[in-house]
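As numbered in my numbering, residues 92 to 491 make up the sequence shown, in order. Each residue gets a CB set at the ideal place from its N, CA and C atoms; glycine is no exception. Below: one structure, written as C-alpha cells.
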Amino acid sequence: MGAETKTEGPRPSKLKVALAFLLHQWLLIGIGVACVLAYFFPSVAAHGGIIRSQYSILYGAVALIFLVSGLSIAGKKLLVHALNWRLHLIVQGASFLLAPVTMYALVQAVRAGDPLENIDRSVLVGYVLTACIPTTIASNVVMTRSAGGDDAAALVEVLIGNVFGPIVSPAWTVALIPKDNSFRLWENVSGDLTDMYRSVFKLLGLSVYVPLAVGQLVRWKWSEQTAWVMQTFYLNKVGTFMLLLLIWTSFSTCFATNALQTLSTETIIFIVFFNIAIYLFWTLICFGFARIWPQPITDSTKGLVRRFPKTETIAICFCGPAKTAALGIPLLYAMWEHFDTEVKAKMSVPIILYTTEQIFCAHFLVSLFKRWLGKDNIREAEIAAEPEMAVVERPSVDPK
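So, in C-alpha cells, the structure goes:
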C-alpha cells in the first residue's frame, strides 16, 4: 500500500497574517491614535473645546452605547438581575468597600515610604477619590458583551452603582483622606455639591436611562426587525468604537489643562504601573469571590452560598474594579471648587489614566475570558453528542 499523501491548503501570506493581527488589535491601535491626536490637538476634544465633547461625546457616545444595550438585551433578563442580591453584594461591595479600603491602605503605605514627597500628594488624594467612585458607565458593558459574559448583569450593576455613587462617594472620600500634615489642604471640603448632583443625574438620565428605555421599547415593539438590524449592521461593535471617543476626550482634557506636564517623572511612572497593578488585583479578588465558593452541599445552603455562573463571573470581573470618570471629574471639581486649576488638574490625572488603562487591561481579559468560556462550550457539545453516538453505535438485535 502506498503512503497516504496529505494535501494542505495554501498558507496565508505574511501580509494577510499581519493584517489579521492588526485587525484583532484594533482597539489598542485606536487607543494609541486617540492619545496622539489628543497630545497634538488637545483643543479639539477637550471639555469646552471645538467639538464641545462634554456634550457631543460624553452624552452622544454613551447614549449610543446604552441604546444598543437596550436593543440587544431582553427586558426579562434585566428584571432577573435586578432581583439578584448576591450579584449586587459582590459588585457593589467591590466598588464601594474593597476598592476604597485597599486604596486607603496603599496610600498610607506610599505616604510612609515617601517622606520626601516624590509622589505628589495631589495624586494620592486623586487615588482616594478614584477608589470611592462607582463603576464605569460604558466600558464594562461593552467588554462583558465582547467576552461572551452576561451583559444584562453588567448593565444592572451600572445602573445601581451610579445611582448610589453620588451619595456615597463624597463622604467616603473625605473619611479616607489620610490625617496628616501633608494632606491637611484637602481635609476641608467647601464646595457646594448641588451642581454636581444636578450634572451627574442629568448625564445619567439623558445618556443612560432614556436611551436604554427607548431601546427596550423598540425591541418590545419590533423584536424581529430589531434582531435583524443588530445582526446585519453589527451594532454590538459600535460600543467599542465609542470607547475610543471617550478616551480621546479624556486625554485631550488632560493635555489641555497641562495636568501631565506639571507632574514629576517619578509620579507619572508610578501612576501608569500602579493603575495596571491595582486593576488586576481588584479583578483577581472579584474573580475569587465569584468562583471560590463550593457548590451547595445541601438544599438548605443552596440559597445562601453558591458559585456564580461563568457568564455572571465575567460581568463581576469587569464591573467590580472599574471606575467612572463621568462622576469622578465633576465630583472632584465640585468638592474642591476653590482650589487652583493646577491642583485640581493634578488630582484628576489618576482618574483619567485609570479609566483609560482599565480599558487597555480589559481588552486582554476579553481574550482570556473567551477561552475560559470556550472550554465549557466544547465540553457541552461533546456531552450533547454522546447520546447520538450511542444510538449510532448500538448493535442491532435480530428479533426471534
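In the DSSP assignment, the alpha helix (DSSP H) including residue i goes from what residue to what residue?
| i | result |
| --- | --- |
| SER343 | 329-347 |
| ASP286 | 285-295 |
| PHE380 | 356-382 |
| LYS167 | 166-173 |
| LEU418 | 416-426 |
| PHE255 | 242-267 |
| GLN183 | 176-184 |
| ARG310 | 301-312 |
| ALA203 | 190-204 |
| HIS115 | 105-115 |
| GLN145 | 144-147 |
| TYR325 | Segment: none, TYR325 is in no alpha helix (DSSP H) and carries neither H nor E. |
| SER298 | Run containing SER298: none; DSSP gives neither H nor E here. |
| GLY151 | 151-163 |
| GLY239 | Careful: GLY239 lies outside any alpha helix (DSSP H) and carries neither H nor E. |
| GLY217 | 212-223 |
| ILE228 | No alpha helix (DSSP H) contains ILE228, which DSSP labels as neither H nor E. |
| PRO400 | Neither: PRO400 is in no alpha helix (DSSP H) and is coded neither H nor E. |
| ALA136 | 133-136 |
Is residue i near the ligand ZN, going by C-beta to nearest heavy atom under 6 Å?
| i | result |
| --- | --- |
| ASN279 | The ligand ZN is not part of the structure shown, which contains no ligands of any sort. |
Can residue i and residue j be called in contact, C-beta distance under 7 Å?
| i | j | result |
| --- | --- | --- |
| MET287 | PRO421 | yes |
| PRO445 | PRO412 | The sequence shown places Tyr at residue 445, rather than the Pro named in the question. No, Cβ-Cβ distance for TYR445 and PRO412 is not below 7 Å. |
| VAL182 | ILE407 | yes |
| THR226 | CYS410 | yes |
| GLY330 | VAL233 | yes |
| VAL219 | THR264 | yes |
| SER343 | ALA109 | no |
| LEU459 | VAL291 | no |
| ALA173 | TRP339 | no |
| LYS414 | ILE228 | no |
| HIS454 | LEU170 | no |
Mind reading off the beta-carbon distance from residue i to residue j? Whole number of angstroms is fine, and I expect it under 8 Å.
| i | j | result |
| --- | --- | --- |
| TYR424 | LYS435 | 6 Å |
| ALA185 | TRP373 | 7 Å |
| ARG382 | ARG398 | 6 Å |
| ILE210 | PHE346 | Going by Cβ atoms, the distance from ILE210 to PHE346 rounds to 21 Å, so no, they are not a contact pair. |
| THR432 | THR348 | 7 Å |
| ALA416 | ILE443 | 6 Å |
| LYS461 | ALA125 | No, LYS461 and ALA125 are not in contact; Cβ-Cβ is about 24 Å, not under 8 Å. |
| ILE120 | LEU113 | 7 Å |
| MET321 | ASN327 | 7 Å |
| ILE376 | LEU189 | 6 Å |
Judging by CA-CA distance, which residue of the options is the nearest neighbour of residue i?
| i | options | result |
| --- | --- | --- |
| ILE148 | ASP241, LEU220, ASN272, LEU297 | LEU297 |
| MET426 | ARG236, SER163, SER260, ALA136 | SER260 |
| VAL249 | ASP241, ASN231, ARG236 | ASN231 |
| ASN366 | VAL440, ARG398, ASN349, ASN209 | VAL440 |
| THR404 | PHE378, GLY123, ASN279 | PHE378 |
| LEU246 | ILE122, ALA304, LYS293, TRP277 | ALA304 |
| ARG236 | LYS401, THR415, THR358 | LYS401 |
| ALA262 | LEU326, LEU295, PRO191, VAL320 | PRO191 |
| GLY166 | LEU215, ALA243, PHE455 | ALA243 |
| TYR195 | LEU178, VAL216, LEU295 | VAL216 |
| THR353 | VAL214, HIS179, GLY140 | VAL214 |
| VAL280 | SER104, ILE268, ARG289 | ILE268 |
| GLU278 | TRP463, PHE430, LEU118 | PHE430 |
| ARG143 | TYR325, SER341, LEU375, ILE359 | SER341 |
| ASN272 | LEU118, THR285, ALA350, ARG212 | ARG212 |
| LYS168 | ILE141, GLY240, LEU337, LEU294 | GLY240 |
| LEU335 | LYS105, THR447, LYS107, TRP313 | THR447 |
| PHE524 | TYR325, ILE251, GLU315, ILE359 | No answer is possible for residue 524: it lies beyond the span of the chain, which begins at 92 and ends at 491. |
| TYR146 | GLU428, LYS466, LEU337, THR358 | LEU337 |
| CYS492 | TRP384, LYS466, LEU295, PHE364 | Residue 492 is absent from the structure shown; the chain starts at 92 and stops at 491. |
| PHE380 | THR356, ARG177, TYR325 | ARG177 |
| PHE274 | VAL201, LYS105, GLY465, TRP313 | VAL201 |
Check: Using 8 Å as the Cβ pair cut-off and three pairs as the minimum, do the segment 291-305 and the segment 140-160 touch?
Finding: yes
Item checked: Validate contact between the segment 160-172 and the segment 307-324 using beta carbons, cut 8 Å, 3 pairs -> yes
Notebook entry, point to check: Are the segment 205-218 and the segment 251-260 touching by the rule of at least three beta carbon pairs closer than 8 Å?
Noted result: no
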